[in-house]
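J.: As numbered in this note's numbering, residues 553 to 747 make up the sequence shown, in order.
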Amino acid sequence: MSTNTEIIASIFDQNGDGPLADSRIPRKCIIKSGFGAQKRRCWLEFFNEDLHLPIQIGSVLNVAINGLPCFNGPILQRRIDSIDDHLSCYAEFDPAHKYDRLIYSAFEYQTILEILDDILAGSGLIPDYPGGLDATFQRLEFAGDSLFRAIDLLAKLAGNWRWDVLDDGTLRLRPPTAPPDHQIALQRDEDIVNL
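1. In three-state terms, what does DSSP make of phenylalanine 700?
2. CA-CA distance, aspartate 716 and leucine 639?
3. Where does glutamate 647 land, buried or exposed, given buried means 16+ other C-beta within 10 angstroms?
4. Counting C-beta neighbours from all protein chains within 10 Å, is the total for asparagine 618 16 or more, i.e. buried, or is it exposed?
5. Only counting the same chain, and skipping five residues up and downstream in sequence, which positions put a Cβ closer than 8 Å to that of arginine 740?
6. Quick one: what's got a C-beta closer than 6 Å to serine 585's C-beta in the same chain, skipping five residues either side?
7. Would you kindly work out how many angstroms separate the C-alpha atoms of isoleucine 655 and leucine 677, rounded to a whole number?
8. In the DSSP output, which residue or residues are listed as bridge partners for glutamate 644?
9. Give me the Cα-Cα distance between alanine 737 and alanine 561, rounded to the nearest whole angstrom.
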């Protein structure tokens, strides 16, 4: 059994239908993933054997490493190098650009859960949070604050809960005692992770 890291890059059409094609041997893969609602970015370089891949601007790139989904977002750049003709692309998922909006609301005698449900309505975000968000506020007002700033404030008021937006638009809130999503084991001199 191979101990090499398996990286699978899948290409979907603009509607997310597919996959239209897969590459199991990208030449180079760089994924920069932010916390919370920060931008996620992916740079992929392919070998000449993959020049036929249907990579188009607007297509959706999905990358899985050892079976774990690591990136999902639209392709914004596609290029073929003039030296070696290697195909490369850049994709980006930016929750702040896709989902953020300004909140102008005042809440009286409502729980964090009720406030979250209200400010998420119509945002496109899919809520995913457990119980325990039952602290009630006498009055809480947002006067033109961004949606993600409001979420961050509510997470802090709940007791420093962690939150993030997944690539499919799911907003997750977790208590500070929840275990991490992933643990990574690195092979010395073979794998690199920059935090």
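Note that CB positions come from ideal geometry on N, CA and C, so glycine has one too.
T.: Result, derived from the coordinates:
1. helix
2. Straight-line spacing of the CA atoms in aspartate 716 and leucine 639 works out to 32 Å.
3. Going by the sequence as given, residue 647 is proline instead of glutamate. Taking all protein chains shown into account, proline 647 has 16 or more neighbouring C-beta atoms within 10 Å of its C-beta and is therefore buried.
4. exposed
5. Once the five neighbours on either side are set aside, arginine 740 has no close Cβ partner at all.
6. Arg592
7. 15 Å
8. Arg593
9. 21 Å
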